[in-house]
Amino acid sequence: MTEFTRRNLLTMIGATAGSTAMYHAMTSMGYAAPSDYSGPIKLDGDPQGAKVLVLGAGLAGLTAAYEMRAAGYEVEVLEFREKVGGRCWTLRSGDSFTELGGATQNVDFAEGNYINPGPWRLPHDHHAVLDYCKRLKVPLEPFIQLNYNSYLHKSDAFDGKPQRLRHIKSDYRGHVSELLAKGINQGDLDKLVSSDDREVLIESLRSFGALNEQNEYVKSLETSVYRGYGKQPGGGVGAEPEASDLLDPQQIVQSRLWEYLATHETVDHQAPMFQPVGGMDGIARGFEREVGDLITYNAKVVSLQQDENGVTVTWENTSDGGTQTSTADYCVCTIPFSVLGQIDHNLSGGLADTISTMYYNGSTKWGLEFKRRFWEEDENIYGGISYTDQAISQISYPSTGYLSDGPGVLLGGYTWRGENSYKFNAMQPDERLEWALRQGEKIHPQYREEFKTGVSVAWHKVPWVLGCSGVWENRENYDEAVKIDNRVVCAGEHLSYLPAWQEGAILSSLDAISRLHDKVING
Ligand SMILES: Cc1cc2nc3c(=O)[nH]c(=O)nc-3n(C[C@H](O)[C@H](O)[C@H](O)COP(=O)(O)OP(=O)(O)OC[C@H]3O[C@@H](n4cnc5c(N)ncnc54)[C@H](O)[C@@H]3O)c2cc1C
Numbered sequence: 001m002t003e004f005t006r007r008n009l010l011t012m013i014g015a016t017a018g019s020t021a022m023y024h025a026m027t028s029m030g031y032a033a034p035s036d037y038s039g040p041i042k043l044d045g046d047p048q049g050a051k052v053l054v055l056g057a058g059l060a061g062l063t064a065a066y067e068m069r070a071a072g073y074e075v076e077v078l079e080f081r082e083k084v085g086g087r088c089w090t091l092r093s094g095d096s097f098t099e100l101g102g103a104t105q106n107v108d109f110a111e112g113n114y115i116n117p118g119p120w121r122l123p124h125d126h127h128a129v130l131d132y133c134k135r136l137k138v139p140l141e142p143f144i145q146l147n148y149n150s151y152l153h154k155s156d157a158f159d160g161k162p163q164r165l166r167h168i169k170s171d172y173r174g175h176v177s178e179l180l181a182k183g184i185n186q187g188d189l190d191k192l193v194s195s196d197d198r199e200v201l202i203e204s205l206r207s208f209g210a211l212n213e214q215n216e217y218v219k220s221l222e223t224s225v226y227r228g229y230g231k232q233p234g235g236g237v238g239a240e241p242e243a244s245d246l247l248d249p250q251q252i253v254q255s256r257l258w259e260y261l262a263t264h265e266t267v268d269h270q271a272p273m274f275q276p277v278g279g280m281d282g283i284a285r286g287f288e289r290e291v292g293d294l295i296t297y298n299a300k301v302v303s304l305q306q307d308e309n310g311v312t313v314t315w316e317n318t319s320d321g322g323t324q325t326s327t328a329d330y331c332v333c334t335i336p337f338s339v340l341g342q343i344d345h346n347l348s349g350g351l352a353d354t355i356s357t358m359y360y361n362g363s364t365k366w367g368l369e370f371k372r373r374f375w376e377e378d379e380n381i382y383g384g385i386s387y388t389d390q391a392i393s394q395i396s397y398p399s400t401g402y403l404s405d406g407p408g409v410l411l412g413g414y415t416w417r418g419e420n421s422y423k424f425n426a427m428q429p430d431e432r433l434e435w436a437l438r439q440g441e442k443i444h445p446q447y448r449e450e451f452k453t454g455v456s457v458a459w460h461k462v463p464w465v466l467g468c469s470g471v472w473e474n475r476e477n478y479d480e481a482v483k484i485d486n487r488v489v490c491a492g493e494h495l496s497y498l499p500a501w502q503e504g505a506i507l508s509s510l511d512a513i514s515r516l517h518d519k520v521i522n523g
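Heads up: the sequence shown begins at 1 in my numbering, then just goes up one per residue.
1. Starting from the Cα of valine 482, find the closest Cα among Trp501, Leu351, Lys51 and Ala426 and give me that residue.
2. Taking the alpha-carbon of arginine 417 as reference, which of Gly470, Leu437 and Lys371 has the nearest alpha-carbon?
3. Can you tell me which of the three DSSP states isoleucine 335 falls into?
4. For the 8 Å Cβ check, are there 3 or more pairs between the region 277-296 and the region 88-100?
5. Spatial neighbours of glycine 85 within its chain, please: C-beta separation below 6 Å, excluding the five flanking residues on both sides.
6. When burial is assigned at 16 or more other CB atoms within 10 Å of the CB, is leucine 100 buried or exposed?
7. Compare the Cα-Cα distances from asparagine 149 to each of Tyr66, Ser220, Leu136 and Leu165 and report the closest residue.
8. Taking the alpha helix (DSSP H) that tyrosine 151 falls in, what are its first and last residues?
9. Taking 6 Å as the line, does the beta carbon of serine 255 fall inside it for any heavy atom of ligand 1?
10. Applying the criterion that 16 or more other CB atoms from any shown protein chain within 10 Å of the CB defines a buried residue, is serine 96 buried or exposed?
11. How would you call tyrosine 37, buried or exposed, if buried means at least 16 neighbouring beta carbons within 10 angstroms?
12. Taking only runs of the alpha helix (DSSP H) that begin and end inside the region 23-98, which ones reach a length of at least 4 residues, in chain order?
13. Could you tell me the alpha carbon to alpha carbon distance between tyrosine 360 and histidine 127, rounded to whole angstroms?
14. Mind checking arginine 475: buried by the 16 CB within 10 Å criterion, or exposed?
15. Use the C-beta contact count for tyrosine 402: other C-beta atoms within 10 angstroms, 16 or more gives buried, fewer gives exposed.
16. Do glutamate 493 and isoleucine 295 have their CB atoms nearer than 7 Å?
17. DSSP on leucine 347, reduced to helix/strand/coil?
18. Three or more C-beta pairs closer than 8 Å, one from the region 64-80 and one from the region 38-53: is that the case here?
19. Consult DSSP for leucine 100 and reduce its assignment to one of helix, strand or coil.
20. Any heavy atom of ligand 1 inside 6 Å of the beta-carbon of glycine 470?
21. State buried or exposed for glycine 384, treating a residue as buried only when at least 16 other CB atoms are found within 10 Å of its CB.
22. Thinking just about the alpha-carbon of each residue, which of Trp120, Thr263, Gly94 and Ser155 is nearest to the one in glutamine 105?
23. Pick from Pro398, Asp389 and His517: whose alpha carbon is nearest that of glutamate 419?
24. Mind reading off the beta-carbon distance from leucine 53 to serine 348? Whole number of angstroms is fine, and I expect it under 8 Å.
25. List the endpoints of the continuous alpha helix (DSSP H) containing alanine 436.
26. Output the boundary residues of the beta strand (DSSP E) element that contains tryptophan 315.
27. Given that a residue counts as buried once 16 or more other Cβ atoms are within 10 Å of its Cβ, and exposed if not, what is glutamine 502?
28. Taking 7 Å as the cut-off, decide whether the C-beta atoms of glutamate 333 and leucine 122 are in contact.
29. Cβ of proline 445 versus every heavy atom of ligand 1: is any distance shorter than 6 Å?
30. Counting along the chain, where does the beta strand (DSSP E) carrying threonine 223 start and finish?
31. Here's the rule I'm using: 16 or more other beta-carbon atoms within 10 Å means buried, otherwise exposed. How should leucine 65 be labelled?
32. By Cβ distance, which residues of its chain are closer than 6 Å to leucine 10, with the 5 residues on each side in sequence left out?
33. Mapping the DSSP letters down to three states, classify asparagine 361 as helix, strand or coil.
34. Quick check on the burial criterion: 16 or more other C-beta atoms within 10 angstroms. Buried or exposed for glutamine 324?
35. Beta-carbon within less than 8 Å of leucine 136's beta-carbon, same chain only, minus the 5 sequence neighbours each way: which residues are those?
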């Protein structure tokens, strides 16, 4: 058996915490790979007036249009919707949204309030998105992912009473540190940890877990520094703070609330995270300022054909019902495969196979507007996320407009994959809203009294994407699917190792257009 050095014991502790983190990363995002973006793309060489048709004006399509025009191509963009951005979308007062099945929701939030029904946060290591925000002058502000004052809730733990994340985190860490510190001098651990390491390791656990000299995690002013005081320190008479009571260690372990702690630790969720000021569609609008003149809106592509001479795309004008064709030398197609699979095309090989077999996972998000920001006024929660084992999964508080009067909008739920997404697909908007209120009030009893209005988006019912993100069961066909098929190359989040992130859409697009450009220039 290898000797247990300080380094490998800490690695083991890391691995225990990390395995949960990894599980969350794998299940929620597919892969937790950081971005490999290394700076603006260089498309050298003159394409001599070659024309490119870009299908879809989400971030993949917008990136292609922006960079290919800059490289000297003639670019035409066809977009199904009446606006840019695709999933990079923000709902505000006056917006309306009709889902599959025909239900229309009219958003009547107060002026300035909004919800991002799709992307809502930007990791610090998504270098391409951040670089485009800088180049397109899209102002960013911090997105609060981890708030120690938010709640963790499981229906059958602590009598269904939500617990502050701070209490679970501090007490879990303290109790585990105590166990480990005591265990180091006993039994197997004693054999595993070298005597050199033992003392300093125990010292580190005392620091890490706020243990006392006897290596115990106990009610004290020292532990209250981390978990909060019973009575806060003040000024003047009677200002002395009082220590807070600890949670019962067994109850913490049994509650499984610790499952939520690692969520914030994956590299894509570590602080700092960002959001565009005023709504995620700020990024789409930034691109629109540059390439808006190239885009035809309300253009629903119904056929994509290519031959040795070029590409022909047939599209319906959804405003007047007319049918038109556009032609070009090449095509960058960013239409999600969930939709492209239903379009007449003559793409071939592994690409065609993937288009016809890729399925999209579901997700539902709610924006709920309340008469006042009770989470701030009553509960001192400024941004961040509360987690629950109920179907709504989480509640997130706005990372902007702190302490302002008047109505505020919070994210009333965000389901990710799995049965909860299907559950809400099957409901009409009114029913979905009622579920969000019924479950949310278990965390915040103020819900009913303060509720004003709400909107929800079930992504399987969004007509222009039919899901949240593309799922690769395995990546057998991946290399074939990303290849240029004669004159057409496909791009989008679904053709990246960062699925369900805007970074994946941009990186996929940059890779696709650099290969296409190489083909145009070098044959
Ligand atoms: C619920 C949710 C949460 C997310 N959270 C985050 C997050 O926090 N951070 C993050 O970075 N990313 C997040 N994402 C992922 C991100 O939104 C996507 O990865 C990215 O926006 C996809 O860009 P795209 O260009 O590949 O596709 P899209 O944005 O879908 O663009 C495709 C475009 O094609 C158009 N189109 C479709 N059919 C046709 C047709 N027949 N003819 C013409 N045009 C057509 C569509 O209208 C659309 O504009 C989230 C996504 C969802 C749904």
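Even glycine gets a Cβ: it sits at the ideal position worked out from N, Cα and C.
According to the structure shown:
1. Position 482 of the sequence shown, counting from 1, holds the residue named residue 482. Cα-wise, what sits closest to valine 482 is Leu351.
2. The residue you call residue 417 lines up with position 417 of the sequence shown. Among Gly470, Leu437 and Lys371, the Cα nearest to that of arginine 417 is on Gly470.
3. On the sequence shown, position 335 is the one that residue 335 refers to. Correct three-state label for isoleucine 335: coil.
4. yes
5. As a first step, residue 85 is located in the sequence shown; it is residue number 85 there, counting from the start. Asp281 and Ala284, listed in sequence order.
6. Looking up residue 100 in the sequence shown gives position 100. Exposed, by the Cβ-count rule.
7. Working through the sequence shown from its first residue, we reach residue 149 at position 149. Closest option to asparagine 149, Cα to Cα, is Leu165.
8. Looking up residue 151 in the sequence shown gives position 151. Element bounds for tyrosine 151: not the alpha helix (DSSP H) but the beta strand (DSSP E), 151-153.
9. The count along the sequence shown starts at 1 and reaches residue 255 at position 255. No, the Cβ of serine 255 stays beyond 6 Å of every heavy atom of ligand 1.
10. If you number the sequence shown from 1, residue 96 lands on position 96. It is exposed - the Cβ of serine 96 has fewer than 16 other Cβ atoms within 10 Å.
11. Stepping through the sequence shown from its first residue, residue 37 is reached at position 37. Tyrosine 37 comes out buried.
12. 59-70
13. Here residue 360 refers to the residue found at position 360 when the sequence shown is read from its first residue. Here residue 127 refers to the residue found at position 127 when the sequence shown is read from its first residue. Cα-Cα distance, rounded: 26 Å.
14. As a first step, residue 475 is located in the sequence shown; it is residue number 475 there, counting from the start. Exposed is the call here.
15. In the sequence shown, the residue the question calls residue 402 occupies position 402. Result: exposed.
16. Here residue 493 is taken as the residue at index 493 of the sequence shown, counted from 1. Here residue 295 is taken as the residue at index 295 of the sequence shown, counted from 1. Taking 7 Å as the Cβ cut-off, glutamate 493 and isoleucine 295 do not qualify as a contacting pair.
17. The count along the sequence shown starts at 1 and reaches residue 347 at position 347. Coil.
18. yes
19. Counting from one through the sequence shown, the residue named residue 100 turns up at place 100. Reduced to three states, the DSSP call for leucine 100 is coil.
20. Your numbering for residue 470 matches position 470 in the sequence shown. Glycine 470: no, Cβ never under 6 Å from ligand 1.
21. Reading the sequence shown from its first residue, position 384 is the one you call residue 384. By the 10 Å Cβ count, glycine 384 comes out buried.
22. For the purposes of this step, residue 105 is taken as the residue at position 105 of the sequence shown. Considering only alpha carbons, the answer is Gly94.
23. By 1-based counting over the sequence shown, the position of residue 419 is 419. With distances taken between Cα atoms, glutamate 419 lies closest to Asp389.
24. Locating residue 53 in the sequence shown gives position 53, counting from the first residue. Locating residue 348 in the sequence shown gives position 348, counting from the first residue. Between serine 348 and leucine 53 the Cβ distance is about 18 Å, and since that is not below 8 Å, they are no contact.
25. Mapped onto the sequence shown, residue 436 falls at position 436. First-last of the alpha helix (DSSP H) with alanine 436: 429-440.
26. Your numbering for residue 315 matches position 315 in the sequence shown. Segment 311-317, the beta strand (DSSP E) holding tryptophan 315.
27. Along the sequence shown, one-based indexing puts residue 502 at 502. It counts as buried.
28. On the sequence shown, position 333 is the one that residue 333 refers to. On the sequence shown, position 122 is the one that residue 122 refers to. Note on residue identity: the sequence assigns cysteine, not glutamate, to residue 333. No.
29. Within the sequence shown, numbered from 1, the residue matching residue 445 stands at position 445. False, no ligand heavy atom lies under 6 Å from that Cβ.
30. By one-based count along the sequence shown, residue 223 stands at place 223. No beta strand (DSSP E) contains threonine 223, which is instead part of the alpha helix (DSSP H) from 221-227.
31. For the purposes of this step, residue 65 is identified with residue 65 of the sequence shown, where counting begins at 1. Note on residue identity: the sequence assigns alanine, not leucine, to residue 65. Alanine 65 is buried by the Cβ-count criterion.
32. Numbered from 1 along the sequence shown, position 10 holds the residue referred to as residue 10. Low per-residue confidence applies at leucine 10: pLDDT is 41, beneath 50, and the placement is therefore not dependable, though the value from the model is reported in the following sentence. Closer than 6 Å at Cβ, skipping near neighbours: no residue.
33. Position 361 of the sequence shown holds residue 361. If DSSP states are grouped into helix, strand and coil, asparagine 361 belongs with the strands.
34. Translated into positions along the sequence shown, residue 324 becomes position 324. So glutamine 324 ends up on the exposed side.
35. Along the sequence shown, read from residue 1 onward, the residue named residue 136 stands at position 136. Answer for leucine 136: Ile283, Gly286, Phe287, Arg289 and Glu290, listed in chain order.
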